[in-house]
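Each position in the sequence shown, counted from 1, maps to that position plus 106 in my numbering. Backbone N, C-alpha and C define an ideal beta-carbon position, used for all residues, glycine too. As the structure is a prediction and not an experimental result, all values here were calculated from the model. Notes for the one structure printed next.
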Amino acid sequence: MRRLLKRSISRLALRGRPGGFRILLYHSIDRAVAGDRLALRIAPGEFARQMAWLATSGYRLVPLEAVVSAAAADGAVAVTFDDGYRDQLDHAVPVLRHLGIPATFFLTTRFLDGWTGRGRYWEAWPHMSWQDAAELARAGFAIGAHSATHAVLAGLAATRLAEEVRDCKKALEDRLGTRVSSFSYPHGVCDRPAMRAVEGAGYDLACAGLFGVNRPPIDRFSLLRTEIDGADRLADFVRKLRGHYDWLGRWQRWRRDA
Ligand SMILES: [Zn+2]
């Protein structure tokens, strides 16, 4: 959906009702590049402004892994990053550490191994190495899994699905020496078998691709997220946190099921 249309609807949409918890989704934090049509990149200065606002906003900033317990959830915000771009370490981590904001980084083992795809433009952006990931874990950030090869999990054969989910967890845990309890579905796409595979592999929760705030009854294996993108100005960021964009999730569902 066109950016201007989204922004206009969000201005008309009512603020969401209070309660529930929100999981922010970020991708790359770096200078804009030509051809980033999904606006996956956010300028470091813009990200710093968003985090500075968040730190003094009154929202409770909690580790993602804490929001599954109901007591910690209401009114809480968790910060997450997908894909493990190297720039997250360079530009997001210093800001998060300075402000004391916890975050979860969802990593794909094939990207950590140095694989660079040529199919999608963002696959060619530099990713963290295993050493970088170890540095993240040592700094106290949570490591989550984002599959072994970043394949779309919906519709995969059972053995391949199990490998994507289980091998990634095992490799991250063995090599980084930290428990990996959360999962983020590649491309935000999941189906029932994928959700069952994630639960069966011993994860506690998983983030799906739909936009929105999480309110009871909560399905721990298809949590909603609030994606922040490179075209968001601070006012858009604040409106996303306050629920003015939550209608997007209903629209995404309608499109998916249509
Ligand atoms: Zn991804």
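Quiz prompt | 4-residue-minimum alpha helix (DSSP H) runs that sit fully inside the region 277–346, ordered along the chain | solution = 298–306
Practice problem: Can you tell me which of the three DSSP states His-252 falls into? | Solution: coil
Quiz item: When you compare only the Cα positions, how much space is there between Ala-251 and Asp-273?
Solution: Computed Cα separation, rounded: 10 Å.
Quiz prompt | Boundaries (first-last residue) of the beta strand (DSSP E) holding Phe-127 | solution = Here Phe-127 belongs to no beta strand (DSSP E), and DSSP marks it neither H nor E.
Quiz item: Along the chain, where does the alpha helix (DSSP H) that runs through Asp-363 open and close?
Solution: For Asp-363, the uninterrupted alpha helix (DSSP H) run begins and ends at 353–363, by DSSP.
Practice problem: From the DSSP output, read off the bridge partner residues of Ser-134. | Solution: Arg-147
Quiz prompt | Residues near Arg-192 by beta carbon distance below 7 Å, same chain, minus five either side | solution = Excluding residues within five positions, the ones whose Cβ falls inside 7 Å are Pro-232, His-233, Met-234, Asp-238.
Quiz prompt | C-alpha distance - Ala-245 paired with Gly-190, whole-angstrom precision | solution = 15 Å
Quiz prompt | DSSP-derived helix/strand/coil call for Arg-224 | solution = In this structure, DSSP gives Arg-224 a state outside helix and strand, which the three-state scheme calls coil.
Quiz item: Does the count of Cβ pairs from the region 142–154 and the region 197–209 closer than 8 Å reach three?
Solution: yes
Quiz item: Quick one: is Asp-219 buried, meaning 16 or more other Cβ sit within 10 Å of its Cβ, or exposed?
Solution: exposed
Quiz prompt | Whole-Å CB distance - Ala-243 paired with Glu-171, under 8 Å assumed | solution = Not quite, the Cβ-Cβ distance comes to about 14 Å (not below 8 Å), so this is no contact.
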